[in-house]
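Chains as they are written, first to last, in the UniProt record's numbering: chain A, 1 to 346; chain B, 1 to 257; chain C, 1 to 279. For reference, the structure is listed below as structure tokens.
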Amino acid sequence: MTAPVALDRVGHSFGPQRVLRDIGLEIAAGEYVVLLGPSGCGKTTLLSILGGFLRPDEGRVLIDGRDVTALPPAKRPTTTVFQDYALFPHMTLRDNVGFGLRMAGVAKATRHQMAERQLALVGLERAGGKRPHEVSGGQRQRVALARALAVEPDVLLLDEPLGALDLKLRRVMQDELKAIQRRVGTTFVHVTHDQEEAMAIADRIVVMNAGRIEDQGPPDRVYRRPASLFTAGFMGEMNRIPARRGPNGIETRLGVLPVAVPGSAPRLTVCLRPEALWDGAGDWDLGPAQVEDTAFFGTHFRAHLVPERAPDLRLVAHFPPAQAPEPVVRLSVDSQELSIFPEGSP
Amino acid sequence: MMRWLGWLYLLTAYGFILLPVAVLVLFSLQDGRLPVPPFQGVSFRWYADVLGDRDLMAALGNSALVAVGSSALACALGFLAAYGLARHVLPGAALVRALLVLPLAVSTLIVGLGLLIGLNRLGIGLSLWTAGIGHVVINLPLCFAILYSAMGDQQRNAERAARDLGANQAQVLWLVTVPMLRPALLAAFFLSVTLSWDEFIIGFLLTRFDVTLPVEIWNLLRSGLSPRLNAIGSLVFLASVAVVVALEILVLARRRA
Amino acid sequence: MSEGARGWGFVAPALLWTVAFFLVPLGVMAAMSFARLDGRELVWGLDWGNYAKLAEPAIGQAVRVSLEITLTVTAVSVLLAYPLAAILAFQVPPRWQRLALLLALLPFWTSYVVRSYAWLLVLSKQGVVNKALMGLGLVTEPLTLANTRFATVTGFVHFFTMLLTLTIYANLVQLPRNYARAAQDLGASGWQTFRHVILPLTLPGIVTGAFLSFVLCIGDYITPQILGGNNELALPQVIMVQLGRRADFPLASALSVVLMGLVTVAYLLSSRWLRLDRT
Numbered sequence: 001m002t003a004p005v006a007l008d009r010v011g012h013s014f015g016p017q018r019v020l021r022d023i024g025l026e027i028a029a030g031e032y033v034v035l036l037g038p039s040g041c042g043k044t045t046l047l048s049i050l051g052g053f054l055r056p057d058e059g060r061v062l063i064d065g066r067d068v069t070a071l072p073p074a075k076r077p078t079t080t081v082f083q084d085y086a087l088f089p090h091m092t093l094r095d096n097v098g099f100g101l102r103m104a105g106v107a108k109a110t111r112h113q114m115a116e117r118q119l120a121l122v123g124l125e126r127a128g129g130k131r132p133h134e135v136s137g138g139q140r141q142r143v144a145l146a147r148a149l150a151v152e153p154d155v156l157l158l159d160e161p162l163g164a165l166d167l168k169l170r171r172v173m174q175d176e177l178k179a180i181q182r183r184v185g186t187t188f189v190h191v192t193h194d195q196e197e198a199m200a201i202a203d204r205i206v207v208m209n210a211g212r213i214e215d216q217g218p219p220d221r222v223y224r225r226p227a228s229l230f231t232a233g234f235m236g237e238m239n240r241i242p243a244r245r246g247p248n249g250i251e252t253r254l255g256v257l258p259v260a261v262p263g264s265a266p267r268l269t270v271c272l273r274p275e276a277l278w279d280g281a282g283d284w285d286l287g288p289a290q291v292e293d294t295a296f297f298g299t300h301f302r303a304h305l306v307p308e309r310a311p312d313l314r315l316v317a318h319f320p321p322a323q324a325p326e327p328v329v330r331l332s333v334d335s336q337e338l339s340i341f342p343e344g345s346p
Numbered sequence: 001m002m003r004w005l006g007w008l009y010l011l012t013a014y015g016f017i018l019l020p021v022a023v024l025v026l027f028s029l030q031d032g033r034l035p036v037p038p039f040q041g042v043s044f045r046w047y048a049d050v051l052g053d054r055d056l057m058a059a060l061g062n063s064a065l066v067a068v069g070s071s072a073l074a075c076a077l078g079f080l081a082a083y084g085l086a087r088h089v090l091p092g093a094a095l096v097r098a099l100l101v102l103p104l105a106v107s108t109l110i111v112g113l114g115l116l117i118g119l120n121r122l123g124i125g126l127s128l129w130t131a132g133i134g135h136v137v138i139n140l141p142l143c144f145a146i147l148y149s150a151m152g153d154q155q156r157n158a159e160r161a162a163r164d165l166g167a168n169q170a171q172v173l174w175l176v177t178v179p180m181l182r183p184a185l186l187a188a189f190f191l192s193v194t195l196s197w198d199e200f201i202i203g204f205l206l207t208r209f210d211v212t213l214p215v216e217i218w219n220l221l222r223s224g225l226s227p228r229l230n231a232i233g234s235l236v237f238l239a240s241v242a243v244v245v246a247l248e249i250l251v252l253a254r255r256r257a
Numbered sequence: 001m002s003e004g005a006r007g008w009g010f011v012a013p014a015l016l017w018t019v020a021f022f023l024v025p026l027g028v029m030a031a032m033s034f035a036r037l038d039g040r041e042l043v044w045g046l047d048w049g050n051y052a053k054l055a056e057p058a059i060g061q062a063v064r065v066s067l068e069i070t071l072t073v074t075a076v077s078v079l080l081a082y083p084l085a086a087i088l089a090f091q092v093p094p095r096w097q098r099l100a101l102l103l104a105l106l107p108f109w110t111s112y113v114v115r116s117y118a119w120l121l122v123l124s125k126q127g128v129v130n131k132a133l134m135g136l137g138l139v140t141e142p143l144t145l146a147n148t149r150f151a152t153v154t155g156f157v158h159f160f161t162m163l164l165t166l167t168i169y170a171n172l173v174q175l176p177r178n179y180a181r182a183a184q185d186l187g188a189s190g191w192q193t194f195r196h197v198i199l200p201l202t203l204p205g206i207v208t209g210a211f212l213s214f215v216l217c218i219g220d221y222i223t224p225q226i227l228g229g230n231n232e233l234a235l236p237q238v239i240m241v242q243l244g245r246r247a248d249f250p251l252a253s254a255l256s257v258v259l260m261g262l263v264t265v266a267y268l269l270s271s272r273w274l275r276l277d278r279t
């Protein structure tokens with residue numbers, strides 16, 4: 001019911017356009033991996049290759065150590081939850097969920113029993129006789145999940161499964177997806193462009209851009225210590241401060257950073273998250289800053305700041321929700337929360 | 001293997017579908033008296049013959065007139081009805097829609113016969129006008145159906161915006177609805193023209209002295225096979241194809257733009 | 001002016017046209033089917049005599065011939081058109097599909113008269129089919145192909161294959177690709193995908209096309225008149241005979257009502273799957 005997956009130097013082109021290059025990825029059995037990236041980054045193509053809907057130009061796909069690159073979807077131990085769910089409109093929910101079992105030759109009574117059990121797993125005990133158009137979007141999403149899980153695949157592939165749902169329902173379904181994955185233990189590979197969704201569900205996030213893997217790791221690491229400037233920007237709001245390599249460390253207009261950065265690029269960008277800034281003392285003192293405006297967000301106050309040392313720079317900071325920030329704050333940052341990249345790197 | 005069979009099937013189907021028109025057009029060029037093999041060489045004399053035939057040319061003119069006139073009226077009526085039903089909540093709307101498309105499900109022979117009987121009762125003589133009335137009856141359901149299904153919600157919002165900015169009803173229709181529905185209007189109009197242009201039975205039942213082209217061809221057919229018939233048939237066919245291809249290019253060009 | 005009144009204002013012209021030139025004439029025709037011809041004099045009334053003539057061999061046979069031809073034509077056309085539509089939708093590369101479809105529908109745009117005449121040329125004793133068969137040495141004498149029921153059916157099948165290819169193709173291409181993918185993903189073979197997913201989902205398109213074919217075929221006068229010869233007459237031919245020489249409008253009306261009745265039965269049988277308002 002679960003298996004490891006390995007992608008070995010997978011590459012693919014659509015006509016002259018290279019959509020995937022040299023993708024290497026190891027996924028452990030039972031892991032929940034989220035492929036995250038902007039549209040056109042190649043994540044959906046990669047999922048199609050895993051599902052067998054697309055044969056890659058280069059490289060191999062291994063599931064449980066077996067080379068499945070040439071196998072059609074029907075012969076693979078994978079199933080897919082499609083973005084539009086692709087529930088068969090002429091069948092009841094029970095027949096939809098039982099479809100894979102029917103194709104495998106399971107007798108009707110057994111099949112119905114198993115389908116009902118799958119429907120119960122996703123909280124649709126009494127809806128088996130309904131048709132897809134008679135249930136809500138969230139319920140359809142669950143049926144698609146139940147249908148894909150009913151054949152007990154080793155690997156479940158989810159293509160933007162929550163994309164069609166409204167924000168509130170999406171958050172609920174994220175929790176459910178994760179809980180179901182824990183229960184069945186199947187390897188899940190989930191594609192999305194929503195970084196909050198990725199962080200909420202993934203054991204490991206794989207950030208993709210322009211057909212390559214930019215970064216991969218547990219959500220907190222990818223968010224707080226991104227491996228590239230692209231990842232830093234894609235994972236959430238980021239303050240970017242131009243910097244230069246100097247004799248005493250990294251020189252910025254807000255002060256000198258006593259850290260060493262590998263490489264030799266003379267111009268650098270210092271990235272820090274809005275929540276890494278605070279009012280008080282810290283490793284790196286950015287000096288006083290004026291609060292230009294603030295807005296309350298429930299979990300924090302979001303403020304635009306004008307640092308006195310560099311009045312043309314604008315910083316965004318999140319302050320604790322208990323109290324609105326003073327008109328002038330003394331900005332500090334923990335050097336652990338900094339990321340520094342060569343300027344203009346992707 | 002399956003693909004190979006598929007291509008073979010496609011080729012055979014094209015053969016079957018295109019065979020009669022290919023034979024029709026080929027033997028319209030026959031340099032001889034019979035439109036059957038052997039092919040005796042290329043000659044345009046039958047075309048010259050047909051184009052010089054006063055009756056045929058009159059019938060061709062009549063057909064064009066009836067086709068364009070009845071299609072324009074069918075489009076106008078269909079557009080107004082579609083607008084009324086798509087934009088207003090009317091009691092019994094479903095029934096009205098059903099009634100408007102009903103003539104589609106009744107054979108044109110019966111539509112024509114009914115009109116013939118009705119006109120006889122009223123003592124109205126047959127003419128191109130009566131044939132035109134019949135053509136509007138059979139083309140109106142198509143025009144209505146095409147235009148009704150093309151009236152989407154995005155147009156409704158554009159209409160509301162126009163009204164909000166001070167346009168009156170006529171201005172909304174003319175400046176917003178009609179331009180937004182132009183592709184559907186064109187499609188309905190040209191489909192209607194080609195159908196009317198080729199229509200036989202209503203023309204046959206509802207005309208007397210001035211006849212439409214298919215009726216004139218039918219009259220010629222009674223005297224047997226002749227390359228003349230091939231020539232006029234080819235002309236009718238090529239005219240229809242020209243309209244269809246023009247429409248296709250128009251629609252495709254619009255899609256690409 | 002109220003919203004409703006304004007709405008009716010838009011609908012009224014089309015509605016009046018349809019009522020005046022379609023519904024009322026049909027009503028008059030229905031009334032006339034109960035009238036009687038006394039010499040040249042029309043006698044209105046409630047006379048079932050015209051309908052009783054269905055029992056006469058000539059007229060009963062026409063109804064049977066029409067039904068046989070129409071059912072054969074509809075079935076054969078569906079069987080020929082489905083594979084063609086499927087090949088156009090799934091095998092022909094998308095960028096060529098419109099062109100391929102246009103080509104497959106080209107003769108669709110000729111009139112019945114010209115199309116039937118063209119088939120007469122093809123099937124006649126000296127026509128290309130007989131010449132080809134004799135050239136290949138398959139037959140020594142030309143076959144009688146024209147002026148037979150075979151010719152009528154061929155002419156009809158030709159037209160309705162095109163019509164059905166169009167309706168089925170339209171149905172196939174608007175099916176989301178993911179249905180087939182989902183079926184295959186869950187282990188269905190090509191045939192199972194077709195049988196359990198594609199076919200049930202395209203049934204409305206098939207039935208709609210088949211119903212249209214039925215209506216157009218059973219009511220057509222020209223094709224059997226040009227291609228069918230004199231051995232057997234179809235219902236529309238018998239109706240036209242009444243209009244011609246004998247000017248028996250009451251009988252023609254009654255037979256038209258019968259024709260409409262047949263279409264209504266076909267409609268009721270297929271209404272479960274019909275999507276007339278969405279084509």
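Cβ atoms here follow ideal geometry from the backbone N, Cα and C, with glycine treated the same way.
Figure out for me which residue from the options has the closest Cα to the Cα of residue i.
i: T74 of chain C; options: C:L26, C:A151, C:V157, C:A31; result: C:V157
i: T193 of chain C; options: A:C271, A:Q181, A:A74, A:R9; result: A:A74
i: R9 of chain A; options: A:I213, A:Q195, A:K178; result: A:I213
i: A281 of chain A; options: A:R126, A:L145, A:H112, A:V329; result: A:V329
i: A82 of chain B; options: B:A22, B:Q171, B:G152; result: B:G152
i: T108 of chain B; options: B:G166, B:I202, B:G6, B:E159; result: B:I202
i: G92 of chain B; options: C:C217, C:L106, C:G7, C:M162; result: C:G7
i: N178 of chain C; options: A:A144, A:R94, A:A202; result: A:A144
i: A5 of chain C; options: B:G132, B:L195, B:T207, B:V89; result: B:V89
Using a threshold of 7 Å, is the CB atom of residue i nearer than that to any non-hydrogen atom of the ligand ATP?
i: S107 of chain B; result: For the ligand ATP, the structure offers nothing, since it holds no ligand at all.
In its own chain, which residues sit with a C-beta less than 8 Å from the C-beta of residue i, not counting the 5 before and 5 after it?
i: L121 of chain C; result: G127, V128
i: T110 of chain C; result: A118
i: E237 of chain A; result: R273, P274, V316
i: G98 of chain A; result: V106, R111, H112, M114, A115, A150
At a CB-CB cut-off below 9 Å, which residues of chain B make contact with residue i?
i: Y267 of chain C; result: A105
Whose Cβ in chain B lies nearer than 7 Å to the Cβ of residue i?
i: G127 of chain C; result: V36
Within 10 angstroms of its Cβ, does residue i collect 16 or more other Cβ (buried), or is it exposed?
i: T12 of chain B; result: exposed
i: Q17 of chain A; result: exposed
i: I249 of chain B; result: exposed
i: A266 of chain C; result: buried
i: K168 of chain A; result: exposed
i: D277 of chain C; result: Low confidence applies to D277 of chain C: its pLDDT is 47, below 50, so where it sits in the model is not reliable, and the reading given next is rough at best. The residue is exposed, with fewer than 16 neighbouring Cβ atoms inside 10 Å.
i: Y100 of chain B; result: Tyr is not the amino acid found at residue 100 of chain B; the sequence shown has Leu there. The residue is buried, with at least 16 neighbouring Cβ atoms inside 10 Å.
i: P103 of chain B; result: buried
i: D215 of chain A; result: buried
i: D67 of chain A; result: exposed
i: G65 of chain A; result: exposed
Just the chain B side, please: which residues come within less than 8 Å of residue i by C-beta, in chain order?
i: Q91 of chain C; result: R3, G6, W7, L10
i: G7 of chain C; result: G84, L85, R87, H88, V89, L90
i: W119 of chain C; result: P20
List, in chain order, every chain C residue whose beta-carbon is nearer than 7 Å to that of residue i.
i: D84 of chain A; result: P176, N178
Considering only residues of the same chain and omitting the five flanking positions on each side of residue i, which have a CB-CB separation below 7 Å?
i: V190 of chain B; result: It is worth fixing the name first, because residue 190 of chain B is Phe in this sequence and not Val. Excluding residues within five positions, the ones whose Cβ falls inside 7 Å are V243, L247.
For the alpha helix (DSSP H) that contains residue i, what are its first and last residues?
i: N239 of chain A; result: Not the alpha helix (DSSP H): N239 of chain A falls in the beta strand (DSSP E), residues 239-246.
i: G137 of chain A; result: 137-150
Keeping to the same chain, check which residues put their C-beta closer than 6 Å to that of residue i; ignore five residues upstream and five downstream.
i: S127 of chain B; result: none
Chain F partners of residue i, CB-CB under 7 Å?
i: V73 of chain C; result: Among the protein chains of the structure shown, namely A, B and C, there is no chain F.
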